[in-house]
Amino acid sequence: MIATEIADVFECPKCGHHQVEELLVNVTQTSQVLSMFEKQNRLHYGAVTAEDGEFAAFQCTNCGWKLPVVDSGSLCEYLQKTDRECKPGCYKEPANESSA
Ligand SMILES: [Zn+2]
22 MIATEIADVF ECPKCGHHQV EELLVNVTQT SQVLSMFEKQ NRLHYGAVTA
72 EDGEFAAFQC TNCGWKLPVV DSGSLCEYLQ KTDRECKPGC YKEPANESSA
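Using the working numbering, the letters of the sequence shown map in sequence onto residues 22 to 121.
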């Protein structure tokens, strides 16, 4: 199977960035405590690992623009659409409904 680089098919319509990140909520994060700075009462931590978590969004790594998808499958479908409605430059701030 040939993988397609996300950067080749995604361009954020808001800022033009080419990277997508998955946002998870309710994650259990752990990191080993490696050492301490005794005088400052501060700790130095090792690598972070994360477990669990619930999918919240796929978003632009730069500006946080959320892609209009609900899971990894729909992200793949969205990125394969050549006629997707939200193309680079199309972004508009959501209308402020409270003023209506
Ligand atoms: Zn962006």
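Virtual Cβ for every residue (Gly too), placed ideally from N, Cα, C.
- Query: Alpha carbon to alpha carbon, what distance is there between Val46 and Lys35?
  - Reply: 24 Å
- Task: Can you tell me which of the three DSSP states Glu43 falls into?
- Result: strand
- What are the start and end residues of each continuous beta strand (DSSP E) run of 3 or more residues lying completely inside the segment 51–93, in chain order? 63–81
- Buried/exposed call for Val41, threshold 16 Cβ in 10 Å: buried
- Item | 6 Å Cβ shell around Glu72 - same chain, five flanking residues per side excluded | Thr49
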